[in-house]
Each structure stands twice: as C-alpha cells, then as structure tokens.
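Numbering (the working numbering), first residue to last: 35 to 208.
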C-alpha cells in the first residue's frame, strides 16, 4: 500500500489536532440547538466519524450520496441523489461534512437542494479545500486544511476505492 504514497502531506496527528479544535468550535456555537451533521458518502465517512466524536454536545447524523452529471465546463444542473436523508431537516441546524472541495459544483448543488428544505441554518465543513480547482463560486464555512492541486488519498479519500483506510492525507504516487 505504501508504494501508492508519494509523500504524506498531512499527518495523522495534524488531522486529530485540527478535528479536536473544530469540534470544540462547533460545540460552542451549537450548544442547546438541534444539530444534524450530514456526511456526503463515501469519502467523508472517516472525517464524519472523528468529527462527531469531537463535538461534545447532543447531535444527530445523516448520510447522503450524490452523483453529478456535467458536460464540458458548464453544469448541466443534474445532481442525482442516490441516497437521501431520512430526516426532515426543517427543525435542525445542518452542517454538511465533506472530505474535499474540488470544483465545488456537486456540493454547491447539494447546498441549494438542502437550503430548499428550510433548515434552521446550513453550513459546510470540509477537511480539505483545493481552491485552485474551483469551477463555481463556492466556499466552505469551515476548512480544516487548504491544499494545492495534487491527487489526495487517505483518511477517506480514495483512488479506485482503495487507500481510504490510510490514517493520514498523502499525495498519490505513480
């Protein structure tokens, strides 16, 4: 497995420290409020598991799986939800938990979709942000790490479904 790793970009400890800090910020902001964390599958599941444990207030979790179909550089506007939330989100403060924001198109469309369901509030927290790849005007409310343009694997991020189980973020090797 290690031959897939060109270099470790963000260590396991750096990730743990940043998640602990982010969890404390979220707990303080949402104390006493109905909070729902929504993970976009598959990549964000590892981040979601660690982040929800770092938030020491009551909360609920939900999962969505979204696929986007785009042609060329223009969004076709077709986002297919292959697994939707079970909760009615109108009674929750919703935080979408994402692994990486790349072009921003799919997440931008998911945010519009969820805002239409009238949550009490909606924010996005992402483990990684790759602003150099952005094709839409989209920014997360909380970004743990901003990275340059490289193929990232580990900590939930995959290459052909492999390497999600690495405990750090690495640049994919040859």
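Glycine is no exception: its CB is placed at the ideal position from the N, C-alpha and C atoms.
Bear in mind that the values here come from a model prediction, so they are computed numbers and not experimental data.
C-alpha distance - residue 170 paired with residue 182, whole-angstrom precision: Residue mapping note: residue 170 aligns to position 136 of the chain shown, counting from 1. Residue mapping note: residue 182 aligns to position 148 of the chain shown, counting from 1. Their backbone Cα atoms lie some 17 Å apart in a straight line.
Given a threshold of 16 other Cβ atoms within 10 Å of its Cβ, counted over all protein chains shown, does residue 118 qualify as buried or as exposed? Your numbering for residue 118 matches position 84 in the chain shown. Exposed, by the Cβ-count rule.
Who are the near neighbours of residue 53 in its chain, counting only those whose CB is closer than 8 Å to its CB and skipping five residues on each side? The sequence position of residue 53 within the chain shown is 19, counting from 1. Contacts found: 81, 84, 85, 88, 178.
Taking the DSSP output, what are the residues bridged to residue 160? On the chain shown, position 126 is the one that residue 160 refers to. Its beta-bridge partners are 132, 177.
Would you list the one or two residues that DSSP bridges to residue 205? Counted from its first residue, the chain shown places residue 205 at position 171. The partner list for residue 205 (beta bridge, DSSP) reads 41, 186.
List, from N- to C-terminal side, the alpha helix (DSSP H) runs of 4 residues or more that fit wholly inside the segment 53-107. 79-88
With a Cβ-Cβ cutoff of 7 Å, do residue 100 and residue 159 count as a contact? Reading the chain shown from its first residue, position 66 is the one you call residue 100. Reading the chain shown from its first residue, position 125 is the one you call residue 159. No, the pair does not count as a contact, with Cβ atoms beyond the cut-off.
Pull up the distance between the alpha-carbon of residue 124 and that of residue 92, whole angstroms please. Residue 124 sits at position 90 when you count from the first residue of the chain shown. Residue 92 sits at position 58 when you count from the first residue of the chain shown. Whole-angstrom Cα-Cα distance: 17 Å.
Have a look at the DSSP bridge pairing and note the partners of residue 146. In the chain shown, residue 146 corresponds to position 112, counting from 1. In the DSSP output, where bridge partners are listed per residue, residue 146 has none listed.
As assigned by DSSP and simplified to three states, the class of residue 116: Taking the first residue of the chain shown as 1, we reach residue 116 at position 82. Three-state DSSP puts residue 116 in a strand.
Put residue 191 into one of helix, strand or coil per three-state DSSP. Locating residue 191 in the chain shown gives position 157, counting from the first residue. Note: residue 191 maps to strand in three-state DSSP.
Cα-Cα separation between residue 43 and residue 149, rounded to whole angstroms: What you label residue 43 is simply residue 9 of the chain shown in a count that begins at 1. What you label residue 149 is simply residue 115 of the chain shown in a count that begins at 1. Those two C-alpha atoms are separated by around 34 Å.
For residue 139, count the other beta carbons within 10 Å of its own beta carbon; 16 or more makes it buried, fewer makes it exposed. Which is it? Reading the chain shown from its first residue, position 105 is the one you call residue 139. Answer is buried; the Cβ neighbour count reaches 16.
Quick one, which of 75, 113, 69, 56 has its alpha-carbon nearest residue 175's? The residue labelled residue 175 in the question sits at position 141 within the chain shown. The option with the nearest alpha carbon to residue 175 is 56.
Would residue 47 be called buried (16 or more neighbouring beta carbons within 10 Å of its own) or exposed? The residue you call residue 47 lines up with position 13 of the chain shown. Flag for residue 47 reads exposed.
For residue 150 and chain B, any beta-carbon pair shorter than 7 Å? Annotation note: the requested chain B is absent from the structure, which comprises a single protein chain.
How should residue 66 be labelled, buried or exposed, when 16 other C-beta atoms within 10 angstroms of its C-beta is the threshold for buried? Here the question's residue 66 lines up with position 32 in the chain shown. When all chains shown are included, residue 66 counts as exposed.
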